[in-house]
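Chemist: My questions all concern the structure below.
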Amino acid sequence: MPSHDVLVIGAGLAGQRAALAAAKQGVSVGILSKVHPVRSHSNAAQGGINAALNPGDSWESHAFDTVKGSDYLGDQDAIEVMTREAPEEILHLEHLGVTFHRNEEGRLGTRAFGGASAARTYYVADITGQAIMHVLYEQLMKHSEAVARYEEWFCTALALDEQGECCGAVTRNVADGSMELFEAKSVILACGGNGQVWKPTTNALICTGDGIAMAYRAGAKLMDMEMIQYHPTTLAGKGFLITEGARGEGAHLLNAKGERFMERYAPNKMELASRDVVSRAEQTEIDEGRGFPDGTVALDITVVPKKRIHEALREIVLVGRDFAGVDITREPIHIKPGNHYTMGGIKTDVDGRTDIPGLYAAGETACVSVHGGNRLGANSLLDTLIFGRRSGVDAAGRAKRLEGSRPSQAVLEAEQATVDAILAREKGSGRRVSEIKLELGTTMDKHVAVFRDEAGIQEALETVRRLAEEAKSAYVDDHGRVFNQDLLAAIELGYMLDNAVCTCVAALERKESRGAQYRTDFPERNDEEWLKHIDLQRGDDGPEISYSEVTMTQWEPQERTY
Amino acid sequence: MAEYTLKVRRYQPESGEGPYWEEFQVDLDPSLSVLDGILQAKDRDDGSLAVRCSCRAAICGSCGMKVNGSSTLGCKTMLGEAHEAANRRREADAAPPRGSDEQPPPGSANGSAANPIVVEPMGNMPVIKDLITDMESTHWEKIRRVTPWLLPHGNPPEREYVVEPESMIDITQSMACIQCGACVSSCLSMEADPGFIGPAALAKAYRFVGDPRDAETKERLHDLAHDPHGIYDCTHCFSCIDACPKGVAPMDQIMRLRRKAGEEGIEDPNNGHNHEAAFIKIIEKKGTLDEALLLQESYAPGVKGKLKPTKSAIKGLLGSIPTVIRAFKTGKARSLSKLIPGVHPKLPDGAQDEVKAIYAHAEEHREEFNLYIKGEEDVEPEPDEREVETA
Numbered sequence: 001m002p003s004h005d006v007l008v009i010g011a012g013l014a015g016q017r018a019a020l021a022a023a024k025q026g027v028s029v030g031i032l033s034k035v036h037p038v039r040s041h042s043n044a045a046q047g048g049i050n051a052a053l054n055p056g057d058s059w060e061s062h063a064f065d066t067v068k069g070s071d072y073l074g075d076q077d078a079i080e081v082m083t084r085e086a087p088e089e090i091l092h093l094e095h096l097g098v099t100f101h102r103n104e105e106g107r108l109g110t111r112a113f114g115g116a117s118a119a120r121t122y123y124v125a126d127i128t129g130q131a132i133m134h135v136l137y138e139q140l141m142k143h144s145e146a147v148a149r150y151e152e153w154f155c156t157a158l159a160l161d162e163q164g165e166c167c168g169a170v171t172r173n174v175a176d177g178s179m180e181l182f183e184a185k186s187v188i189l190a191c192g193g194n195g196q197v198w199k200p201t202t203n204a205l206i207c208t209g210d211g212i213a214m215a216y217r218a219g220a221k222l223m224d225m226e227m228i229q230y231h232p233t234t235l236a237g238k239g240f241l242i243t244e245g246a247r248g249e250g251a252h253l254l255n256a257k258g259e260r261f262m263e264r265y266a267p268n269k270m271e272l273a274s275r276d277v278v279s280r281a282e283q284t285e286i287d288e289g290r291g292f293p294d295g296t297v298a299l300d301i302t303v304v305p306k307k308r309i310h311e312a313l314r315e316i317v318l319v320g321r322d323f324a325g326v327d328i329t330r331e332p333i334h335i336k337p338g339n340h341y342t343m344g345g346i347k348t349d350v351d352g353r354t355d356i357p358g359l360y361a362a363g364e365t366a367c368v369s370v371h372g373g374n375r376l377g378a379n380s381l382l383d384t385l386i387f388g389r390r391s392g393v394d395a396a397g398r399a400k401r402l403e404g405s406r407p408s409q410a411v412l413e414a415e416q417a418t419v420d421a422i423l424a425r426e427k428g429s430g431r432r433v434s435e436i437k438l439e440l441g442t443t444m445d446k447h448v449a450v451f452r453d454e455a456g457i458q459e460a461l462e463t464v465r466r467l468a469e470e471a472k473s474a475y476v477d478d479h480g481r482v483f484n485q486d487l488l489a490a491i492e493l494g495y496m497l498d499n500a501v502c503t504c505v506a507a508l509e510r511k512e513s514r515g516a517q518y519r520t521d522f523p524e525r526n527d528e529e530w531l532k533h534i535d536l537q538r539g540d541d542g543p544e545i546s547y548s549e550v551t552m553t554q555w556e557p558q559e560r561t562y
Numbered sequence: 001m002a003e004y005t006l007k008v009r010r011y012q013p014e015s016g017e018g019p020y021w022e023e024f025q026v027d028l029d030p031s032l033s034v035l036d037g038i039l040q041a042k043d044r045d046d047g048s049l050a051v052r053c054s055c056r057a058a059i060c061g062s063c064g065m066k067v068n069g070s071s072t073l074g075c076k077t078m079l080g081e082a083h084e085a086a087n088r089r090r091e092a093d094a095a096p097p098r099g100s101d102e103q104p105p106p107g108s109a110n111g112s113a114a115n116p117i118v119v120e121p122m123g124n125m126p127v128i129k130d131l132i133t134d135m136e137s138t139h140w141e142k143i144r145r146v147t148p149w150l151l152p153h154g155n156p157p158e159r160e161y162v163v164e165p166e167s168m169i170d171i172t173q174s175m176a177c178i179q180c181g182a183c184v185s186s187c188l189s190m191e192a193d194p195g196f197i198g199p200a201a202l203a204k205a206y207r208f209v210g211d212p213r214d215a216e217t218k219e220r221l222h223d224l225a226h227d228p229h230g231i232y233d234c235t236h237c238f239s240c241i242d243a244c245p246k247g248v249a250p251m252d253q254i255m256r257l258r259r260k261a262g263e264e265g266i267e268d269p270n271n272g273h274n275h276e277a278a279f280i281k282i283i284e285k286k287g288t289l290d291e292a293l294l295l296q297e298s299y300a301p302g303v304k305g306k307l308k309p310t311k312s313a314i315k316g317l318l319g320s321i322p323t324v325i326r327a328f329k330t331g332k333a334r335s336l337s338k339l340i341p342g343v344h345p346k347l348p349d350g351a352q353d354e355v356k357a358i359y360a361h362a363e364e365h366r367e368e369f370n371l372y373i374k375g376e377e378d379v380e381p382e383p384d385e386r387e388v389e390t391a
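Just so you know, the protein sequences line up as chains A and B, in that order. The first sequence begins at 1 in my numbering and counts up one residue at a time. The second sequence begins at 1 in my numbering and counts up one residue at a time.
Here it is in structure tokens:
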């Protein structure tokens, strides 16, 4: 049985940062990922990472912007931790070798980003996530003695001991199909978000909410699951992301009449208002007939000097050319709001601890909550790194203190039986996994998107429940052991359906409009009744609802205008 | 929507059978990718069709494969474009034309089963299953070979390292690498010498050699130059530049490593650095190439080099004699006087001064161009793409 003091599941930014931080504490660390670490979706974070590092900027200002951006649903103690520790983290990354953009003096340079009162976004062209993640992977290669890498291993379940503490995980080696039980004193989930529950989405095919679902099944609490971000600038149809950095560099949003419509919605910040605000503005323009016939509005990047586009937005030049056939340096590109980010997730404290002892979560999988109802651009990379590090340190501390218990072989046998049962389903005995996934994605995008109402969410929930039944008999074509992706897709479908049920239940429950949750039947924010988190825990008949307080330190809720 | 045939090279390791070809019919918009096509076939027809993929947007680097023989990313190659390429390949294969009625059908926009898009796993790597290759033994092992992490000296500064802004832009081109392996798949040197460190790992090495924060530049250059499978093992074929989906231009990074090695005084076994220096000097002096002088200057530069020629210079010059004789025999060199150094004339009428002015200008405006500085080449959008956009 592979055994480590700390086992990290997921190897994007949060996971890699957690593994490195834990290893630095001198414990043995294993990091496991269903894809090779550099394929992780942190790659896709284009625009940058926020920190109040410039003279004249302050963590308080960064924190206030984040609180306001969250529509006051973010926990202010957690936001303080993140924004205070941000500058040190940026410098740490720079010292490790991240090739951050420099200003003319050769010092770190910044760009403007949405919802921020100062230019405090540090960046590497528009490949910031990729550049940071590849540098962290360099460090993992460097520290291979301290951190064992399990690349292309898929996690099917967490293992709990008799006291209900997490003590390991069941995994499948994708390359040969062998099932292994891992023993660990602390387990950190860093599995990313659940964007694949929606179609289209900016998220990669691997973003199937695995960590959220595994924690939920193990009995951990989830929080703010209704808060799903729709990014204002995604390509119609394919859902690919156009970085907020484009607007940060000065690009305009135009409707079909050529009007800069943000004047009507956010006269001060214009295109750089919070993402929920910009997405709603766009959707309103489209719904009221001022969009283009393909259901889009236009992003005009031609107002940015060409030299600057090549230097700072090159990835977007490629995305425009390769995936939309548009030269963004010469003409506007058609965009619309699209599924992008999971603000909710596994409820944790500022050290990544969930309410299952020994189980930690960090990054998009977790909900600390620093993003509340709406995440600011360039705060997600920061979230992964700060809370990845803190989880790694705390998980290592726990491992040093405790003896740990051996996970029971029964968990492994149960998972093996589940896998065997999926493989044994006869062709034609049910629907194809891909069909169910498609219906799930289009249903969620129709009803649980920018604008929501009770009837729509209810319809989505009923559909999801039916699909969950159908998934039980969905068959696979591949019955082999080597790279059986068909089997993994069936397991992922189960994860996605758990995520979808939780999002629908929470969205139905929150009878107000806050951040990304906009209920046309309850269009106002209602602090009196709903300034609280919705927590979900697995019960016999699906998620059971409870509430928890939003932590306030120094910022009282105000009306939110941009 | 259009119909396409994907002809996929398959291999199912547990079947006991060897590799085989299988055709899949897919029905998708021409602006969607070959990967979208493969995924449709996987979703509709055969879930056992194995392909690594994740982001679908040329960012994660999972779906390296060969499409119509070219190494690329499946998600970055559009079906319409791949179908056109398949048609062109078929037409080229069919040449010379036989009877007019036996001509291969011309490429049609709505696709045809006659011209399948050929999809294969990447080259220079063992195949594990269908389109999935073993990148660990062929790619990652070599990445680890180049000590792929920053080696600064001493403690880091209190704030950031202060460096030239251009230096960061310069190495960001290497940082743009997504480790997809397309360059490794296409590398001709690696085909001949599987031990070659290869384009991806050497581009990664430049990311540190070019990084002013790294303190082991010299050691890195010596290491990569003295390895027989190192920087001088590249044959300059440009395949990796063609294959790279991110504009990293690995061969350019290898040439930068060679140039820096030359500046470091490291002896180039192919004598490339001295050859280049001699070439530049002669053109500056004479405007056109004095070939008699080139040979000497490449091996024994300047008066000093000729008075006290090194062993390798003598060996190189003697070794060139058969080449010179062959040149006369085959008529490539015609005039004996060409062998006498110094006879070659300068450009007339002050043209030589203009050449010198070009040199002076280039010296003043010395800049390592890369895609983050000059951008992509301006490509006029195809008219049919415009139609798709407005449809």
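We treat Cβ as the ideally placed atom computed from N, Cα and C, and that holds for glycine.
So what does residue 78/B bridge to, in DSSP terms?
Modeler: 33/B
Chemist: Run the CB neighbour count on residue 51/B, radius 10 Å, all protein chains shown included, and call it buried at 16 or more, exposed below.
Modeler: buried
Chemist: Can you list the residues of chain B that residue 111/A reaches, using a CB-CB cut of under 8 Å?
Modeler: Under the 8 Å cutoff, chain B gives no residues; its nearest Cβ is about 14 Å from residue 111/A.
Chemist: Of the choices 413/A, 520/A, 434/A, whose alpha-carbon is the least far from that of residue 454/A?
Modeler: 520/A
Chemist: Can you name, in chain order, every residue of its own chain whose Cβ lies under 7 Å from the Cβ of residue 239/B, other than the five neighbours on each side?
Modeler: The answer, listed in chain order, is 186, 187, 188.
Chemist: In chain B, which residues lie less than 7 Å from residue 101/A when you measure between Cβ atoms?
Modeler: 168
Chemist: Is residue 99/B buried or exposed, if buried means 16 or more other CB atoms sit within 10 Å of its CB?
Modeler: Summary for residue 99/B: the model assigns pLDDT 49, below 50, so the residue's position carries little reliability, and this model does not support an answer.
Chemist: Around the C-beta of residue 1/A, are 16 or more other C-beta atoms found within 10 angstroms, so that it is buried, or is it exposed?
Modeler: With fewer than 16 neighbouring CB atoms inside 10 Å of its own CB, residue 1/A falls in the exposed class.
Chemist: Is residue 240/A close to chain B, meaning its C-beta is less than 8 Å from at least one C-beta of that chain?
Modeler: Interface flag for residue 240/A against chain B is set, since a Cβ pair is found closer than 8 Å.
Chemist: Applying the 10 Å Cβ sphere with the 16-neighbour rule, what's the burial state of residue 126/A?
Modeler: Looking at its Cβ environment, which holds 16 or more other Cβ atoms inside 10 Å, residue 126/A is buried.
Chemist: To the nearest angstrom, how far is the alpha carbon of residue 281/A from that of residue 257/A?
Modeler: Their backbone Cα atoms lie some 15 Å apart in a straight line.
Chemist: With DSSP collapsed to three states, give me the class of residue 518/A.
Modeler: coil
Chemist: Report the residue from 336/A, 225/A, 463/A whose alpha carbon sits nearest the alpha carbon of residue 516/A.
Modeler: 225/A
Chemist: Closer than 7 Å by C-beta to residue 40/B: which residues in its own chain qualify, once you throw out the five before and the five after it? Chain order, please.
Modeler: Excluding residues within five positions, the ones whose Cβ falls inside 7 Å are 26, 28.
Chemist: Whose C-alpha, out of 6/B, 273/B, 330/B, is nearest the C-alpha of residue 85/B?
Modeler: 6/B
Chemist: I'd like the list of long-range same chain contacts for residue 334/A, defined as Cβ closer than 7 Å, with 5 residues on each side in sequence excluded.
Modeler: 236, 292, 294, 296, 298
Chemist: Quick one: does residue 65/B have its CB under 8 Å from some CB of chain A?
Modeler: no
Chemist: Which class does residue 183/A belong to by DSSP, given the choice of helix, strand or coil?
Modeler: strand
Chemist: Please report the straight-line C-alpha distance between residue 254/B and residue 172/B, rounded to a whole angstrom.
Modeler: Computed Cα separation, rounded: 15 Å.
Chemist: What residues in its chain sit with their C-beta under 7 Å from that of residue 203/B, if we drop five residues either side in the sequence?
Modeler: 174, 177, 248, 250, 253
Chemist: With C-beta atoms as the reference, is residue 155/A less than 8 Å away from residue 13/A?
Modeler: no
Chemist: Span of the beta strand (DSSP E) holding residue 211/A?
Modeler: From DSSP, residue 211/A is part of no beta strand (DSSP E) but of the alpha helix (DSSP H) over 210 to 218.
Chemist: Do the CB positions of residue 39/A and residue 62/B come within less than 8 Å of each other?
Modeler: yes
Chemist: Got a sec, what are the start and stop residues for the beta strand (DSSP E) residue 311/A sits in?
Modeler: Element bounds for residue 311/A: not the beta strand (DSSP E) but the alpha helix (DSSP H), 306 to 312.
Chemist: Enumerate in chain order the residues of its own chain whose CB-to-CB distance from residue 438/A is below 8 Å, with the five nearest sequence positions on each side excluded.
Modeler: 199
Chemist: Taking 8 Å as the CB-CB limit, is residue 47/B close to chain C?
Modeler: Here the protein chains are A and B, and chain C is not one of them.
Chemist: Out of 243/A, 492/A, 360/A, which one is the CA nearest neighbour of residue 47/A?
Modeler: In terms of CA proximity to residue 47/A, 243/A leads the group 243/A, 492/A, 360/A.
Chemist: Please name the residue in 223/B, 220/B, 222/B, 193/B whose C-alpha comes closest to that of residue 235/B.
Modeler: 193/B
Chemist: State the DSSP-derived secondary structure class of residue 121/A, mapped to helix, strand or coil.
Modeler: strand
Chemist: What residues from chain A crowd round residue 178/B, counting only those whose CB sits closer than 8 Å?
Modeler: 38, 43, 130
Chemist: From the DSSP output, in three-state form, read off residue 367/A for me.
Modeler: strand
Chemist: Mind listing the chain B neighbours of residue 431/A? Cutoff is C-beta to C-beta under 8 Å, in chain order.
Modeler: What residue 431/A touches in chain B: nothing, since even the nearest Cβ is about 12 Å away.
Chemist: Can you list, in chain order, the stretches of the beta strand (DSSP E) that have 3 or more residues and sit fully within the region 16 to 84 of chain A?
Modeler: 29 to 33
Chemist: Can you give the Cα-Cα distance for residue 507/A and residue 461/A, rounded to whole angstroms?
Modeler: 10 Å
Chemist: Can you tell me whether residue 499/A is helix, strand or coil according to DSSP?
Modeler: helix
Chemist: If you scan the region 238 to 298 of chain B from start to end, which runs of the alpha helix (DSSP H) of 4 or more residues do you find wholly inside it?
Modeler: You should have 239 to 243, 250 to 263, 272 to 286.
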